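Notes follow the structure.
Chains as they are written, first to last, in the working numbering: chain A, 1 to 298; chain B, 299 to 714; chain C, 715 to 1013.
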């Protein structure tokens, strides 16, 4: 056998059409059908959003016109949104949602991160019991504890306040659990090296552990923010005045008014939905990771 | 009989050409290694043969039949993957039985639940179990048949992977770096076992590795690949002794060959100030220009060092001055690093057997100049682009002293 | 665990720091989980109502009441009917979607985003949209049905259809979530297992699925099944916004009943008992998950 020495490769040129076609061609007719079906399904998934935005731009009479058109025949968007944002206290609702979500998140992070670090890296008596309690609490939803917490809030006279809206969520056992698992993977050798270098324990947490936990913190923040923005159950229980209503809770008022002013109804639905949807579209990866993070726990 | 021919295989991923017009023929019963650094295309070539990748152009023939469009299962091949690719949820017996179940049972007899209704399932089962047990006995893994892959050691998994490949009685056996996940000791053992398997089965083997030692020790032929092309294909000794390019020479052989710059002027080869006792073969084309001079570490002879043993005297050869820098003790052998007179910037490696005098505080530990001899037949000459220049030794008598040798340079060139 | 007498100064300093670090979290866990759970258990044994401070210890009466309470039976029935329609679909549809999307070379990320979009959106707002889409007379969906020449369906107004409609809306809001979980599970399956299967002859889509995909997806599938079940039993938002349990309590599901008993009728004792039964249900799922997943991991 003589050795085979190849000179230059026969590389396809830049404008080699057959090669280009090979790269983009569908692999088989069935692949084309599946892709088409998936796109059709995606259209169904997205259609409610399209319908909502489209209806929010229409006058009431057109919302339930026999033939649906995406582009409104009569453009009433300006009036609808003006009325939602200025006649109704929607800025107030959105602000309430923001205050509640941010307040919850900040307290959750401030309480959960130190506790998680202690559970992950420090030895102290009772740590096993505490961690066991955290894991057990993971299974308890707000629906179970809502009665006593509500009674407690009534007794201390905090009903219909921002604090009441945030209180049950000030501690996130899920955050403690998640961050503990995350911190455990942080190498002990680095912490020991830092101690030898003269770092105090607080400095270790703030200057080493915290920066390393940024991805987990970001993911959890998305998770927490979305969950509490969209929450209907707890605000429904503790909010009484329109003054404290969250954006999500404000949707309740259309049960009564539902058949009166459709254009405005869906303009407000759009305003309530828009923040999370826009944030999702801007940071898709973070959102998908944050919201499905429960899927990687344990 | 399984003869494998590849003709003009090209494969690109996106804009990167991975395989560039590869052609090779593998005869029935051969053991051919595809060797090269990572990214050279060797694994892709193996996957093209297996049918896991479709080539952009070119032809694959097994026993003369074109198989480009045949599914892997129709090619009569078996493959052992680098990390074995055992099914973690199946027992060893189930893993090994998979190819037989697929080949012998119709689709409906393979589906969960439904299969219990299929007569083929009950009919074929005993035969499959028997064949699996047979192969397991050959590989000495009968006692592992009920275990899951996670309960096995690396060596045992390796054997199960071999078993899964053997059980279907393939014509061609493909292996993708099968030893790279084993520890060094086990690697040597399994290497021998694979060689024995090849000898006893008489199958055609195509073996991918980045380790030239594996390739050299096991193969009947080695194809050395680089940048998507085969640099040279031949018997291990051919690649070692008669490389076509400097890249082949560098890749094959450990420690790496010594390469020194030289010049060629009207058929006279110089390395530094020294005229080498070799001449490029007539009709070789190049008569003048820069060249590269290669000598393998084991071909540099420190004959005058008593701690080193040589079976025979080197005889007539080139004599150079060598200054030792460090010594690596390899057990039976030593590797001496140092510089040649006139080439202060090139690390030169010399490999030699120890003699009985080694370690008795001899002269090897002293820093001094040694005479190193090289048999001219062992000098490999390459042009500036790395292509081999065929050269022949020139005996002192035939070699009329050229004008260049006069003027005090004679002392460096000492033909014995 | 090291006792205080043998602990080094460093260990004692560490422990001291640890107590400071866990103190706020511990206090809040006590206030938000431990004390309320104890109070729920206590309240479930009384006839406490928020409107009067007078209450009596009634033993297990609240639990006995469930056995005879038509409301409770109705809510349980509705929840299970809903779950039976919702669960298999939420599981199978998202698995099929994940497998189909996983194999796409083009459109993959856009498809992922579009199917996930409903998960992030505010369900309370989107429920209003769905109510309009499903409207018996003017809804777009009935428009399509009419175009096919079929009689219109009263999706939300009919006792027979309302749970189906709720399942449909819940499905819309959940499959993206499950799909992404399945996609993560699929991506984690080593590609060379499929290649080994192809060499072994298992290249039919059904063989690939049953020999490689399904067994390798086991833990993910378990997780999806459990979380989806819990989602099903937590159904609340859509009911509260769209149907309010109607028509004629046909969509009054478990959590909505517990909510009504507690915060509309102020039967705190009974509502507490309902909550505890709900917790028990969730614990059963959590235990199944812990046991089965643990066993599955030991291949």
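Yeah, the Cβ is synthetic: ideal placement off N, Cα and C, and Gly gets one too. Source: prediction; values computed, not measured.
Identify every residue that forms a DSSP beta bridge with residue 309/B. Residue pairing by DSSP places residue 309/B opposite 317/B in a beta bridge.
Do three or more CB pairs link the region 837–856 of chain C to the region 901–913 of chain C at distances below 8 Å? Segments in contact, no.
Mind checking the region 968–993 of chain C against chain A and listing, in chain order, the residues whose C-beta falls within less than 8 Å of any C-beta there? Cβ contacts with chain A come from 969, 972, 973, 976, 977, 982, 985, 986, 989, 990, 992 and 993.
For residue 914/C, three-class secondary structure by DSSP: The answer is helix: DSSP assigns residue 914/C an H, G or I state.
Helix, strand or coil: which one does DSSP assign to residue 123/A? If DSSP states are grouped into helix, strand and coil, residue 123/A belongs with coil.
7 Å CB neighbourhood of residue 421/B in its chain, flanking five on each side removed: For residue 421/B, where only same-chain residues beyond five positions count, there are no Cβ hits under 7 Å.
Contacting residues, own chain, Cβ-Cβ under 7 Å from residue 50/A (five flanking each side not counted): Within the same chain, and ignoring the five residues on either side of residue 50/A in sequence, the residues whose Cβ sits closer than 7 Å to its Cβ are 70.
Does residue 104/A come within less than 8 Å of chain C when only Cβ atoms are used? It does not; no Cβ of chain C falls within 8 Å.
Runs of 3 residues minimum, wholly inside the region 635–673 of chain B: which ones carry the beta strand (DSSP E) assignment? Qualifying beta strand (DSSP E) stretches, in chain order: 641–652 and 667–672.
For residue 52/A and residue 997/C, what's the separation of their Cα atoms in angstroms? The alpha-carbon separation between residue 52/A and residue 997/C amounts to approximately 38 Å.
Please determine if the region 826–844 of chain C and the region 746–766 of chain C are in contact, where contact requires at least 3 C-beta pairs separated by less than 8 Å. In short, these stretches do not touch, since the Cβ pair count stays below three.
Straight-line Cα distance separating residue 247/A from residue 60/A: Each residue's Cα considered, the two are about 22 Å apart.
Drop a sphere of 10 angstroms on the beta-carbon of residue 169/A, count the other beta-carbons inside from all chains shown, and report buried for 16 or more, exposed for fewer. The residue is buried, with at least 16 neighbouring Cβ atoms inside 10 Å.
Please tell me whether residue 473/B has its Cβ less than 8 Å away from any Cβ of chain C. The beta carbon of residue 473/B does not come within 8 Å of any beta carbon belonging to chain C, so the residue lies off that interface.
Thinking C-beta only, is residue 604/B closer than 8 Å to residue 688/B? No, the pair does not count as a contact, with Cβ atoms beyond the cut-off.
Looking at chain B, is there any beta carbon in it that lies within less than 8 Å of the beta carbon of residue 913/C? Yes, residue 913/C counts as interfacial toward chain B.
Whose Cβ in chain B lies nearer than 9 Å to the Cβ of residue 909/C? Here the neighbours are 345, 348, 350, 370, 377, 379 and 383.
Beta-bridge pairing of residue 360/B - partner residues as DSSP gives them: 302/B and 363/B, per the DSSP bridge assignment.
Residue 218/A to residue 912/C, Cα distance in whole Å? Take the alpha-carbon of residue 218/A and the one of residue 912/C: they are about 41 Å apart.
For residue 318/B, which residues in the same chain have their Cβ closer than 6 Å to its Cβ, ignoring the five residues on either side in sequence? Cβ within range, chain order: 526 and 527.
Thinking C-alpha only, which one of 458/B, 314/B and 469/B is nearest residue 326/B? That would be 469/B, whose Cα lies nearest to the Cα of residue 326/B.
Taking only beta-carbon atoms, is residue 948/C less than 8 Å away from chain A? Answer yes: the Cβ-Cβ gap between residue 948/C and chain A drops below 8 Å somewhere.
State yes or no: is the C-beta of residue 638/B within less than 8 Å of the C-beta of residue 662/B? Not in contact: residue 638/B and residue 662/B (Cβ atoms no closer than 8 Å).
Report the three-state DSSP secondary structure of residue 697/C (helix, strand or coil). Here chain C has residues from 715 to 1013 only, and residue 697/C is not among them.
Residue-level contact to chain C via CB, residue 73/A, 8 Å cutoff: It does not: the Cβ of residue 73/A has no partner Cβ on chain C nearer than 8 Å.
Put residue 197/A into one of helix, strand or coil per three-state DSSP. In the three-state scheme derived from DSSP, where H, G and I count as helix and E and B as strand, residue 197/A is classed as coil.
is_contact[residue 408/B, chain C] using C-beta, thresh 8 Å: So yes, residue 408/B belongs to the interface.
Please report the straight-line C-alpha distance between residue 434/B and residue 344/B, rounded to a whole angstrom. Distance between the alpha carbons of residue 434/B and residue 344/B is about 26 Å.
For residue 589/B and residue 722/B, believed in contact at Cβ under 8 Å, the rounded distance: Residue 722/B falls outside the range modelled here, since chain B spans only 299 to 714, and no answer is possible.
Using a Cβ-Cβ cutoff of less than 6 Å, which residues in the same chain neighbour residue 887/C once the five nearest sequence positions on both sides are dropped? When the five nearest sequence neighbours on each side are left out, the beta carbons in the same chain lying within less than 6 Å of the beta carbon of residue 887/C are those of 832 and 837, in order along the chain.
For residue 234/A, which residues in chain C fall below 9 Å Cβ to Cβ? Within chain C, no C-beta atom comes less than 9 Å from the C-beta of residue 234/A; the nearest is roughly 11 Å away.
Can you tell me the Cα-Cα spacing of residue 192/A and residue 215/A, whole angstroms? Cα to Cα, the separation comes out at about 23 Å.
Near residue 212/A, which residues of its chain fall below 7 Å by C-beta distance, leaving aside the five closest residues on each side in sequence? Setting aside the 5 residues that flank it on each side, residue 212/A is surrounded in the same chain by 186, each with a C-beta closer than 7 Å to its C-beta; the list follows chain order.
Of the residues that make up the region 913–937 of chain C, which ones have a beta carbon closer than 9 Å to any beta carbon in chain B? Cβ contacts with chain B: 913, 914, 915, 916, 917, 918, 920, 921, 924, 925, 926, 928, 929, 930 and 932.
Using the three-state DSSP reduction, which class does residue 607/B fall into: helix, strand or coil? Strand, per DSSP.
Tell me, which residues are paired with residue 377/B by DSSP? Residue 377/B pairs with 472/B.
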